[in-house]
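Peer 1: Encoded as structure tokens, here's the structure I'll be asking about.
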Amino acid sequence: MAKPHKPHKPHKPHKPHKRSHVPSSAVGAFIRREELDAQLVARLPNAADREFVLRCVLESGPAHHRGANYVLLRLLGEVLSRLPEPQTSETSVREAPVPMRVPPHERTGEDDVFPLGVPTEPLALLAAEGSAEQAAMIDCLTDGPPQHSLANAMMMQLLASMLNRLPPRPSEPSEPPPEPKRRSRAPRAR
Numbered sequence: 096m097a098k099p100h101k102p103h104k105p106h107k108p109h110k111p112h113k114r115s116h117v118p119s120s121a122v123g124a125f126i127r128r129e130e131l132d133a134q135l136v137a138r139l140p141n142a143a144d145r146e147f148v149l150r151c152v153l154e155s156g157p158a159h160h161r162g163a164n165y166v167l168l169r170l171l172g173e174v175l176s177r178l179p180e181p182q183t184s185e186t187s188v189r190e191a192p193v194p195m196r197v198p199p200h201e202r203t204g205e206d207d208v209f210p211l212g213v214p215t216e217p218l219a220l221l222a223a224e225g226s227a228e229q230a231a232m233i234d235c236l237t238d239g240p241p242q243h244s245l246a247n248a249m250m251m252q253l254l255a256s257m258l259n260r261l262p263p264r265p266s267e268p269s270e271p272p273p274e275p276k277r278r279s280r281a282p283r284a285r
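Residues in the sequence shown are numbered from 96 upward in steps of one, following my numbering.
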């Protein structure tokens, strides 16, 4: 028979975490837009499209989101710049569009996607191409306000470029490796 459950002692109330508030001006001071613009040129050659994407990523939403987007994108760009040149050409990249969340009465049907998409090739490492799992991943990456969805698209662009520069994984063997042969010992004479 199970022992009766004893109630836990009440927890002490948590003290609020004191954190200094960083003013928006401090966040804006470290953002260097030209650095991200340079990262985008190869993926988005049209200057107006780049400006639009950067405005969404660096000027929309709370300051901490804008700052986090900048920091993560710059660091990913730094990693990319340190990798060797690509193994293969990046000319034909499959992308999922990033939809604009436009109210129904303002939709035109033509420009309801952002000019930068999410490359799907890296997602094939996590889920089969065209699978429900991959579709859910794409939805997670492209949903939400533009400061999130476009930052995700930019990060995925950088990750796709990084993966393209890495050597391919060694192919996994189709059969398990043979067991090592064990030496048979002759019984000792006593």
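Just so it is clear, CB atoms sit at the ideal spot from N, CA and C, and this is done for glycine as well.
State the DSSP-derived secondary structure class of residue 146, mapped to helix, strand or coil.
Peer 2: Your numbering for residue 146 matches position 51 in the sequence shown. Residue state, collapsed to three classes: helix.
Peer 1: Taking residue 193 as the reference, give the member of 161, 178, 239 with the closest Cα.
Peer 2: Locating residue 193 in the sequence shown gives position 98, where the first residue counts as 1. It is 239 whose Cα lies nearest to the Cα of residue 193.
Peer 1: Looking at C-alpha atoms only, which residue of 220, 215, 223, 241 is the closest neighbour of residue 233?
Peer 2: For the purposes of this step, residue 233 is identified with residue 138 of the sequence shown, where counting begins at 1. The option with the nearest alpha carbon to residue 233 is 215.
Peer 1: Excluding five sequence neighbours on each side, which residues of the same chain lie with their C-beta closer than 8 Å to the C-beta of residue 128?
Peer 2: Reading the sequence shown from its first residue, position 33 is the one you call residue 128. Only 149, 153 meet the Cβ criterion.
Peer 1: Do you know how far the Cα of residue 171 is from the Cα of residue 147?
Peer 2: For the purposes of this step, residue 147 is identified with residue 52 of the sequence shown, where counting begins at 1. For the purposes of this step, residue 171 is identified with residue 76 of the sequence shown, where counting begins at 1. One C-alpha to the other measures close to 21 Å.
Peer 1: If you draw a straight line from the C-alpha of residue 255 to the C-alpha of residue 203, how long is it?
Peer 2: Start at 1 with the first residue of the sequence shown, and residue 255 comes out as number 160. Start at 1 with the first residue of the sequence shown, and residue 203 comes out as number 108. In a straight line, the C-alpha of residue 255 is about 31 Å away from that of residue 203.
Peer 1: Just mark residue 125 as buried or exposed, buried being the case when its beta carbon has 16 or more other beta carbons within 10 Å.
Peer 2: Indexing the sequence shown from 1 puts residue 125 at position 30. Residue 125 is exposed by the Cβ-count criterion.
Peer 1: Locate the alpha helix (DSSP H) running through residue 241, then write down its first and last residues.
Peer 2: Translated into the one-based positions of the sequence shown, residue 241 becomes position 146. Per DSSP, residue 241 belongs to the alpha helix (DSSP H) from 241–260.
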